[in-house]
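Novice:
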Amino acid sequence: MSVAEELPGGNDAALLRQSLDEVRRVIVGQDHMVERLIVALLARGHCLLEGVPGVAKTLAASTLATVVGGTFARIQFTPDLVPSDIIGTRVYHPSNEKFDVELGPVFVNFLLADEINRAPAKVQSALLEVMAERQVTLAGVTHPLPKPFIVLATQNPIESEGVYPLPEVQRDRFLFRVRVPHPSAHEELEILHRMSVTPPVPERVLDPDKLLALQEAAEQVSVHQLVADYVVRLVMSTRAPAEYGLADLAETIEIGVSPRATLGLVAAGRALALLRGRDYLLPDDVRDVAVDVMAHRLMLTFDALADGVDPEQVVKQILHAVPPPLVVWNQNR
Numbered sequence: 001m002s003v004a005e006e007l008p009g010g011n012d013a014a015l016l017r018q019s020l021d022e023v024r025r026v027i028v029g030q031d032h033m034v035e036r037l038i039v040a041l042l043a044r045g046h047c048l049l050e051g052v053p054g055v056a057k058t059l060a061a062s063t064l065a066t067v068v069g070g071t072f073a074r075i076q077f078t079p080d081l082v083p084s085d086i087i088g089t090r091v092y093h094p095s096n097e098k099f100d101v102e103l104g105p106v107f108v109n110f111l112l113a114d115e116i117n118r119a120p121a122k123v124q125s126a127l128l129e130v131m132a133e134r135q136v137t138l139a140g141v142t143h144p145l146p147k148p149f150i151v152l153a154t155q156n157p158i159e160s161e162g163v164y165p166l167p168e169v170q171r172d173r174f175l176f177r178v179r180v181p182h183p184s185a186h187e188e189l190e191i192l193h194r195m196s197v198t199p200p201v202p203e204r205v206l207d208p209d210k211l212l213a214l215q216e217a218a219e220q221v222s223v224h225q226l227v228a229d230y231v232v233r234l235v236m237s238t239r240a241p242a243e244y245g246l247a248d249l250a251e252t253i254e255i256g257v258s259p260r261a262t263l264g265l266v267a268a269g270r271a272l273a274l275l276r277g278r279d280y281l282l283p284d285d286v287r288d289v290a291v292d293v294m295a296h297r298l299m300l301t302f303d304a305l306a307d308g309v310d311p312e313q314v315v316k317q318i319l320h321a322v323p324p325p326l327v328v329w330n331q332n333r
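Heads up: the sequence shown begins at 1 in the UniProt record's numbering, then just goes up one per residue.
(1) Starting from residue 210, trace the alpha helix (DSSP H) in both directions and tell me its first and last residue.
(2) On a Cα-Cα basis, can you pick out the residue from 13, 25, 16 that is closest to residue 198?
(3) When you compare the CB positions of residue 92 and residue 120, do they come within less than 7 Å of one another, or not?
(4) Please name the residue, chosen from 109, 102, 58, that lies closest to residue 211 on a Cα-to-Cα basis.
(5) Between the Cα of residue 114 and those of 103, 56, 67, spot the shortest distance and give me the residue it belongs to.
(6) Could you spell out where the beta strand (DSSP E) holding residue 336 opens and where it closes?
(7) Which of the three DSSP states, helix, strand or coil, is assigned to residue 191?
(8) Rank 203, 44, 316, 54 by C-alpha distance to the C-alpha of residue 362 and give the top, closest one.
(9) Under a Cβ-count criterion, where at least 16 other Cβ atoms within 10 Å of its own Cβ denotes burial, should residue 250 be classed as buried or exposed?
(10) Just the Cα atoms here: how many angstroms apart are residue 334 and residue 203?
(11) Run through the DSSP bridge pairs and tell me what residue 294 is partnered with.
(12) What are the boundary residues of the alpha helix (DSSP H) that includes residue 174?
(13) Output the residue ranges of the alpha helix (DSSP H) runs that lie fully inside the UniProt domain "ChlI/MoxR AAA lid" (250-318) and measure 4 residues or longer, sorted by chain position.
(14) Contact defined as beta carbons within less than 8 Å: I believe residue 245 pairs with residue 304. What is the distance between those atoms, to the nearest angstrom?
(15) DSSP state of residue 7, grouped into three classes?
(16) For the stretch 166-182 against the stretch 27-41, are there 3 or more C-beta pairs whose distance is under 8 Å?
(17) Give the straight-line distance between the Cα atoms of residue 226 and residue 196, rounded to the nearest whole angstrom.
(18) Can you check the stretch 138-162 for any beta strand (DSSP E) of at least 3 residues that lies completely inside it and give the ranges in chain order?
(19) When burial is assigned at 16 or more other CB atoms within 10 Å of the CB, is residue 326 buried or exposed?
(20) Return the chain-ordered list of same chain residues with a C-beta closer than 8 Å to the C-beta of residue 200, the five sequence neighbours on each side being excluded.
(21) Are the CB atoms of residue 12 and residue 217 within a distance shorter than 7 Å?
(22) What whole-angstrom Cβ distance do residue 67 and residue 206 have, given they're in contact under 8 Å?
(23) Which whole-angstrom value is the C-beta distance of residue 43 and residue 268, which I expect to be below 8 Å?
(24) Does DSSP classify residue 114 as helix, strand or coil?
(25) Within this structure, are the beta carbons of residue 262 and residue 286 separated by less than 7 Å?
(26) Our contact map puts residue 153 next to residue 49 with C-beta atoms below 8 Å; I'd like the distance itself, whole angstroms only.
(27) Could you give the DSSP three-state label for residue 22: helix, strand or coil?
(28) Can you tell me whether residue 302 is buried or exposed, with buried defined as 16 or more other CB within 10 angstroms of its CB?
(29) CB-CB under 8 Å to residue 150, same chain, minus the five flanking residues each way: which ones, in chain order?
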């Protein structure tokens, strides 16, 4: 019996690691991105992948959908897209003189919003109800989305022509913002060897019902009061940095992170703990997901933006300054 199977939730962790390995058979490197996609699934959160073209953002999302199972749809966002192209609309049929509702492509388990920042504001606003409430309202009738449901979005951060920056209210609805870098030289060589012949095809490991059970298992991961207090201190340090020994950040942060960051830190930390074969949350789990949960929710001052301050470095500075609680191991556990 493996160590994972001896621990509480070890069978779940083994199944999740099998899913990770199956995605990694297709995706070379990018281990951080692949792990965050699995964690976002378990935490019932949406994930924004940010990187230059050609770093396997779209391939990772579609591969994960194949491994997990369920329905999948990809929407290529363009400037001429309208909300009805996404959520659906009413269609008049002259034969029976009635309006019928045609549901849009968002009614799937996995929605890949490719190059999401190419769509105008109307389309972005149409996604708000989809992402937050997991439902669509058409002609006064609410249509719930299938369960599980997750939005995997990609965007190119360096392009400025024909793009619309995501509004803060929409960025806040993404659990993670994951930066996807270029592969290393070793990974580039492996990509050449693996993809220059017949590319590997991922196999299905999970199904929607099993994923729902894993999501419920992640929500049952216990959170000690000291760890919960640590999460709150991390969040509050972005709103009142001077009170936490970070007076220099007062001129950097315009508006701190929202309460969704507090909930996201706990949800993502729980999911990561389950992936690691534990049924309890540690401060290290929170610290590991903090940058991806908090950085895109920070609003920096104009001077900080002009100076090129990176929000991720701000979060790392906060993690360094706000001490985590001391973990005392119980030998009976």
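For each residue, glycine too, the CB sits at the ideal point set by N, CA and C.
Specialist: Once the coordinates are examined:
(1) It spans 208-219 - the alpha helix (DSSP H) in which residue 210 sits, taken as one unbroken run.
(2) Checking every option, the nearest Cα to that of residue 198 belongs to 25.
(3) At least 7 Å separates the beta-carbon of residue 92 from that of residue 120.
(4) Taking each of 109, 102, 58 in turn and checking the Cα distance to residue 211, the smallest one comes out for 109.
(5) Nearest of 103, 56, 67 to residue 114, Cα basis: 56.
(6) In this structure the chain extends from 1 to 333, so residue 336 is not present and cannot be described.
(7) Residue state, collapsed to three classes: helix.
(8) Since the first residue shown for the chain is 1 and the last is 333, residue 362 is missing from the structure and cannot be characterised.
(9) So residue 250 ends up on the exposed side.
(10) With the chain running from 1 to 333 in the structure shown, residue 334 is simply not present.
(11) None, per the DSSP bridge assignment.
(12) For residue 174, no alpha helix (DSSP H) run applies, since DSSP gives it neither H nor E.
(13) For the UniProt domain "ChlI/MoxR AAA lid" (250-318), whole alpha helix (DSSP H) runs of length 4 or above, ordered along the chain, are 259-275, 283-294, 302-306.
(14) That belief does not hold up - the Cβ atoms of residue 245 and residue 304 are roughly 19 Å apart, past 8 Å.
(15) Residue confidence is low: residue 7 scores 40 on pLDDT, short of 50, so the model does not pin down where it sits. Its coordinate-derived value is still stated next. Coil.
(16) Between the stretch 166-182 and the stretch 27-41 there are three or more C-beta pairs closer than 8 Å, enough to call the two in contact.
(17) Straight-line Cα distance between these residues: approximately 51 Å.
(18) Those beta strand (DSSP E) runs which fall completely within the stretch 138-162 and span 3+ residues are 141-144, 150-155.
(19) Burial call: exposed.
(20) Excluding sequence neighbours, residue 200 sits near 25, 26, 194.
(21) Judged by beta-carbon spacing, residue 12 lies within the 7 Å limit of residue 217, meaning their Cβ atoms are closer than that value.
(22) Going by Cβ atoms, the distance from residue 67 to residue 206 rounds to 7 Å, so yes, they are a contact pair.
(23) The Cβ separation is near 5 Å, so the contact holds.
(24) Residue 114: strand per DSSP, three-state reduction.
(25) In this structure, residue 262 lies away from residue 286, with their beta-carbon atoms at least 7 Å apart.
(26) About 7 Å separates the two Cβ atoms, so the contact holds.
(27) Judged by DSSP in its simplified three-state form, residue 22 adopts helix.
(28) So residue 302 ends up on the exposed side.
(29) Setting aside the 5 residues that flank it on each side, residue 150 is surrounded in the same chain by 40, 41, 44, 45, 46, 47, 109, 110, 111, each with a C-beta closer than 8 Å to its C-beta; the list follows chain order.
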